[in-house]
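Line order of the protein sequences matches chains A and B.
Position 175 of the first sequence, counting from 1, maps to 175 under the numbering used here, and the rest follow consecutively.
Position 12 of the second sequence, counting from 1, maps to 1012 under the numbering used here, and the rest follow consecutively.
Using N, Cα and C, we set each Cβ at its ideal position, and we do this for glycine too.
Have a look at the structure below, then the notes.
2 protein chains.
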Amino acid sequence: MREREIIAWIAKRAPNFGQGLRVGIGDDCAVYRPAAGEELVFTTDFTIEGRHFTLPDYTPREVGYKALARGLSDIAAMGATARFALVSLAVPDADFVKPFFGGLFGLARKYGVTIAGGDLSRSDKVHCDIVVAGVVPAGKAVLRSGAKAGEILYVSGRLGTWKKRPKPRLDLAGVVLRHASACMDITDGLSMDLDRLLRASGVTCEITAPPPVMRGATIDDAWHRGEDYELLVASAKRMPKPFHEIGIVVEGRPGSPLPPKGWDHFG
Amino acid sequence: MREREIIAWIAKRAPNFGQGLRVGIGDDCAVYRPAAGEELVFTTDFTIEGRHFTLPDYTPREVGYKALARGLSDIAAMGATARFALVSLAVPDADFVKPFFGGLFGLARKYGVTIAGGDLSRSDKVHCDIVVAGVVPAGKAVLRSGAKAGEILYVSGRLGTWKKRPKPRLDLAGVVLRHASACMDITDGLSMDLDRLLRASGVTCEITAPPPVMRGATIDDAWHRGEDYELLVASAKRMPKPFHEIGIVVEGRPGSPLPPKGWDHFG
């Protein structure tokens, strides 16, 4: 199968919800017309064979799903709505391409994400890099740096089990946008990501309750294992279910009082 | 060197020209506030060891330069102004990272490109994927699909020699925006890219002159070799230097009258 045929196959099936996307797959660039009063948020994530998944433990469909889910999780963490994605995929074998995009398109359709472009290449191992763009009312994006002393820290669900098909918490983006002062998604372990949020905000915290733990996981897994794709939030308001209080923000040397032990790609 | 230290090193040195970029490196997402009346254009390109370059033929600095130059070339092809980039880099060895970004930042500074975010990971071979975002007045992006019968086809410079440090033709983006009906950059060989532009526009052409040839290259190289990073343009107006006429757009079966023989990643 030639590159042109593969791209034609992708372009025919790629979800396109419009919503500002004037030019999608097939030109040198995608073209997006922003609506008045909106800001755009952008995230990019690698999904690499042997690093983020292994074959044949994952099917190509599952890799496509996960690659997009990683980016959607970051969009949720800003309190934003996902709008479009650019998908770069390098594979040893063209047979990988169709089922990969099958899994990815299914998730994109579920959340109204247009596939606006990308790049295809060959590589010894599967490498995917996805940029997801989302929209948020101007000035309202929820950053890591907004936590203030006196606010409560929450996590959005049970932690500790590494998930093959993580569910991006876009269902919670609205409540995050309305109520959270700071937010990030938990992908490198709660202990490391909590440290990052507190440092970005220039504060520390007291732990008031253990994080909720997935069935089959330990409390240590919940603190340090990573790949949870739940949200970590600071809020001055009482957060509704499924948010679960774990601490209170206090003044002090910026960072977590617990030693961060999560994932470091170069550690 | 730990991931946090590497990211701190990058964040400290990354060019930041502001211009709408509200949040850059360090949060879950970058945040961009569009200006009134502007549209955004997006392109993404892999630069992969063994595919787009080899080591040690390229230094890490040269890889960083080339990875960004590929994206800037696409921005020029839309008649757009480059605004910001997201850089994903996977490497076998952390020593590659600093000189890579040194080369990339130098080119970014030259064209006023803010580095807004990215991802870092490990991989057996160097894989880089860069998204570049540019801006263009709403409705004015120059597409591949705009060529009409009677218009003249031009290339923006001499072709045929594979370039280690390609110069993205952002110097020509303004004249492309004002005068071109259709444009694309020549990266997979003129014969293949000409075929793509003509198909996208639903027209064909007659060749009226040979493309200008780089010193040391043959006319066959100029037609088929690829990696030229010059622009292919259709215009109803007379294009100024350095544009060089190669043909005239005519009605007919869409595509090039010459057999396309350029680069196909899955051919």
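**For A:Glu5, the three-state DSSP class (helix, strand or coil)** = helix
**Asked** Quick one, are the C-beta atoms of B:Leu1120 and A:Tyr32 less than 7 angstroms apart?
**Response** no
**Request:** Could you list which residues in chain A have their beta carbon closer than 7 angstroms to that of B:Leu1143, in chain order?
**Result:** Val23, Asp27
**Request:** Determine the contact status of B:Tyr1229 and B:Pro1166, defining contact as a CB-CB distance below 7 angstroms.
**Result:** yes
**Request:** Would you mind stating whether B:Phe1042 and B:Ala1133 have Cβ atoms separated by less than 7 angstroms?
**Result:** yes
**Asked** Beta carbon of A:Asp264, beta carbon of B:Glu1245: below 7 angstroms?
**Response** no
**Asked** With 7 angstroms set as the bound, which would you pick, yes or no: does the beta-carbon of A:Tyr32 sit closer than that to a beta-carbon of chain B?
**Response** yes
**Request:** Have a look at A:Asp220 and A:Glu227 and give me their C-alpha separation to the nearest angstrom.
**Result:** 14 angstroms
**Request:** Identify each residue in the region 107-121 of chain A for which the Cβ-Cβ distance to at least one residue of chain B is less than 8 angstroms, and report them in chain order.
**Result:** Ala116, Gly117, Gly118, Asp119, Leu120, Ser121
**Prompt:** Under three-state DSSP, which class holds B:Glu1062?
**Reply:** helix
**Request:** Indicate whether B:Thr1161 and B:Leu1021 have their beta-carbon atoms separated by less than 7 angstroms.
**Result:** no
**Message:** Strictly under 7 angstroms for the Cβ-Cβ distance: is A:Val63 near chain B by that measure?
**Reply:** no
**Message:** 7 angstroms is my cut-off, CB to CB: does B:Ser1268 come that close to chain A?
**Reply:** Lying outside 1001 to 1267, the shown extent of chain B, residue 1268 of chain B is not represented and no answer is given.
**Asked** Are the beta-carbon atoms belonging to B:Leu1232 and B:Asp1171 less than 7 angstroms from one another?
**Response** no
**Asked** Do the region 177-192 of chain A and the region 75-83 of chain A touch if we need at least three Cβ pairs shorter than 8 angstroms?
**Response** yes
**Asked** What number of angstroms, rounded off, separates the C-alpha of B:Ser1123 from the C-alpha of A:Tyr154?
**Response** 34 angstroms
**Message:** If we define contact as Cβ-Cβ less than 7 angstroms, is B:Thr1047 a contact residue for chain A?
**Reply:** no
**Request:** In angstroms with no decimal places, state the Cα-to-Cα distance between A:Gln189 and A:Cys205.
**Result:** Before going further, note that residue 189 of chain A is Gly rather than Gln in the sequence given. Using only the alpha carbons, I get a separation of about 17 angstroms.
**Message:** Would A:Leu68 and A:Ile130 qualify as a contact pair, given that the criterion is a beta-carbon distance under 7 angstroms?
**Reply:** yes
**Asked** In terms of alpha-carbon separation, which member of A:Arg83, A:Ala217, A:Phe243 lies closest to A:Pro15?
**Response** A:Arg83
**Minimum Cβ-Cβ distance from A:Asp171 to chain B less than 7 angstroms** = no
**Request:** Answer yes or no: do B:Pro1092 and A:Pro34 have a C-beta to C-beta separation smaller than 7 angstroms?
**Result:** no
**Asked** Does the beta-carbon distance from B:Gly1157 to B:Pro1242 come in below 7 angstroms?
**Response** yes
**Request:** Go through its chain and collect everything with a Cβ distance to B:Glu1151's Cβ below 7 angstroms, but skip five positions before and after it.
**Result:** Ser1181, Ala1234, Ser1235, Ala1236, Val1249
**Request:** Indicate whether A:Gly26 and A:Ala11 have their beta-carbon atoms separated by less than 7 angstroms.
**Result:** yes
**Request:** Step through the CB atoms of chain B and report whether any lies within less than 7 angstroms of the CB of A:Phe53.
**Result:** no
**Asked** Counting along the chain, where does the alpha helix (DSSP H) carrying B:Arg1178 start and finish?
**Response** 1173-1179
**Message:** Considering only DSSP beta bridges, list what A:Cys268 is partnered with.
**Reply:** With chain A covering 1 to 267 only, the question about residue 268 of chain A has no answer from this structure.
**Asked** Between which two residues does the beta strand (DSSP E) carrying A:Asp45 extend?
**Response** 38-48
**B:Pro1260 and B:Ser1191 closer than 7 angstroms at C-beta** = yes
**Request:** Name the two residues that bound the continuous alpha helix (DSSP H) containing A:Leu104.
**Result:** 97-110
**Prompt:** Going by the CB atoms, is the gap between B:Pro1060 and B:Phe1096 shorter than 7 angstroms?
**Reply:** yes
**Request:** Within its chain, find whatever has a CB closer than 8 angstroms to the CB of B:Gly1252; leave out the 5 residues flanking it on each side and keep chain order.
**Result:** Val1203, Thr1204
**Asked** Does the Cβ of A:Glu5 have 16 or more other Cβ atoms within 10 Å, making it buried, or fewer, making it exposed?
**Response** exposed
**Request:** Please classify B:Arg1196: is it buried, with 16 or more other beta-carbons within 10 angstroms of its beta-carbon, or exposed?
**Result:** buried
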